[in-house]
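Colleague: This structure is in structure tokens; I'll ask about it shortly.
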Amino acid sequence: MATIPPEKAPKPGLNIYGFASVNPYKLSIAAEELSITYNYISVDMSKGENFSEWFASINPNGRMPALIHVKEDGTSVTVFESGACLLYIASEFDKEYKISYPVGTPGYWTQLSWLSWQIAGYGPAMGQACYFNRYAPQPEPFGARRYTAESRRLNHVLDKQLSTSPFIAGDRLTVADIAIFIFAYSATWAGVNINEFPHVKAWLDKLVQRPGFQKGLQIPVPYMFSDEAVCNPDAQEPYNNMRKYAAQMIKGTTDKWAADVVPVPSDHANY
């Protein structure tokens with residue numbers, strides 16, 4: 003196993019490995035909601051640290067967030083992928099059920115269903131909408147239309163759920179709210195007008211007033227992808243630079259792994 007550089011090595015307690023992108027903010031919000039003392043370790047994607055051997059020992063997929071929990075007895079647990087990390091934080095630190103339901107209860111399964119919905123559907127759709135609307139190196143009209151439409155459909159599903167429930171999984175904040183929040187909070191960047199969905203908008207406005215959310219959105223730097231931030235006409239230089247960098251990075255990864263589509267007999271029947 004590769005040795006983690008001393009400045010990136012985990013300390014006793016909860017260590018969050020992240021970067022100023024969307025998913026890592028889920029963990030800082032969860033930790034702040036629970037008032038956990040944690041060590042935030044920034045992984046510099048611009049220098050390729052996420053693809054280094056030492057980070058691969060934490061997350062073989064080279065993505066963030068990840069965490070290492072160094073326990074009092076000296077043992078440690080490593081977890082990667084945001085949904086798994088949120089469930090781990092709830093399991094280890096949420097003994098009073100401030101952001102979760104007890105395992106095995108109906109509320110727990112509702113929470114897990116909506117967390118899975120975010121991981122499997124909402125996040126990927128909003129992420130692809132972001133790619134085609136903001137990061138693609140050249141216009142891709144059908145891709146943009148397809149994923150913006152799917153993002154709107156999923157926000158409609160979310161709006162219906164929040165029309166009957168104060169929080170996504172019932173009567174309390176859960177990890178499902180935290181996971182879904184960060185994408186809904188970035189709706190404009192994905193190309194979606196969140197005001198179309200009044201129950202989602204009211205829920206967002208409620209969550210963003212919580213001290214834990216406010217603090218978590220500042221770690222490691224103030225969150226860049228809120229509607230207010232991305233629409234500020236006086237602060238567009240970072241977004242212009244980010245879009246150029248991300249377009250080049252994503253294109254480079256795509257070119258590295260691109261290959262001819264494996265053919266099947268029905269090919270071109272839809273054209």
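Residue numbers for the sequence shown follow my numbering, beginning at 3 and rising by one.
Don't be surprised by glycine CBs; every beta carbon is placed ideally from N, CA and C.
Predicted model, so just to flag it, every value in this text is computed and none were measured.
#1: Taking the Cβ atom as the reference point for each residue, do I31 and G218 lie within a distance shorter than 8 Å?
#2: Measure how close the beta-carbons of A4 and S59 come, nearest whole angstrom, since I'm counting them as under 8 Å.
#3: Let me know if V177 comes out buried or exposed under the rule of 16 or more other beta-carbons within 10 Å of its beta-carbon.
#4: Whole angstroms is fine: what's the gap from E152's alpha carbon to L36's?
#5: Rounded to the nearest angstrom, how far is the Cβ of T22 from that of V223, given a contact under 8 Å?
#6: Over the uninterrupted alpha helix (DSSP H) stretch that includes H158, give me the two end residues.
#7: So, with DSSP's three-state summary, where would you put L16?
#8: Please report the distance separating the alpha-carbon of D2 from that of E230.
#9: Under a three-way DSSP split, which group does P68 fall into?
#10: In terms of DSSP beta bridges, what is N41 paired with?
#11: Cα separation between P126 and D262?
#12: Is A249 closer than 8 Å to A138 when the C-beta atoms are compared?
#13: Starting from T80, follow its DSSP beta bridges and name the residues at the other end.
#14: Suppose only complete runs of 4+ residues qualify. What are the alpha helix (DSSP H) ranges in the stretch 101 to 139, listed by chain order?
#15: Are the stretch 39 to 57 and the stretch 9 to 28 touching, with three or more C-beta to C-beta distances below 8 Å?
#16: In terms of residue numbering, what span does the alpha helix (DSSP H) encompassing L29 cover?
#17: In angstroms, rounded to a whole number, what distance separates the CA positions of I221 and R155?
#18: Pull up the CB-CB distance for L88 and I180, whole angstroms please, since I reckon it's below 8 Å.
#19: Decide yes or no for the touch test of the stretch 242 to 256 against the stretch 206 to 218: beta carbon pairs closer than 8 Å, at least 3 of them.
#20: Applying the criterion that 16 or more other CB atoms from any shown protein chain within 10 Å of the CB defines a buried residue, is D96 buried or exposed?
#21: DSSP beta-bridge partners for I169?
#22: Can you say whether G85 is buried or exposed, counting buried as having 16 or more other CB atoms within 10 angstroms of its CB?
#23: Out of E98, G172 and T39, point me to the one whose CA is closest to G109's CA.
#24: Pop quiz: V72 and G15 are said to be a contact at Cβ under 8 Å. What is the actual Cβ separation, rounded to whole angstroms?
#25: So, under 8 Å CB-CB, L160 and V202 are touching, yes? Tell me the CB distance rounded to an integer number of Å.
#26: State the Cα-Cα distance for the pair V105 and A131, rounded to the nearest angstrom.
Modeller: Answer, in terms of the structure:
#1: yes
#2: 5 Å
#3: buried
#4: 33 Å
#5: Note on residue identity: the sequence assigns Ala, not Thr, to residue 22. A22 to V223, Cβ: 5 Å. Contact.
#6: P143 to L164
#7: strand
#8: What the structure shows of the chain is the stretch from 3 to 273, and residue 2 is not part of that stretch, so it cannot be assessed.
#9: Note on identity: in this sequence residue 68 is Ala, with Pro being the wrong assignment. The answer is strand: DSSP assigns A68 an E or B state.
#10: N17
#11: 23 Å
#12: yes
#13: I70
#14: 108 to 119 and 125 to 132
#15: yes
#16: P26 to E35
#17: 31 Å
#18: 7 Å
#19: no
#20: buried
#21: One detail in the question is off: residue 169 reads as Phe in this sequence, not Ile. BP columns for F169 point to G172.
#22: buried
#23: G172
#24: 6 Å
#25: 5 Å
#26: 34 Å
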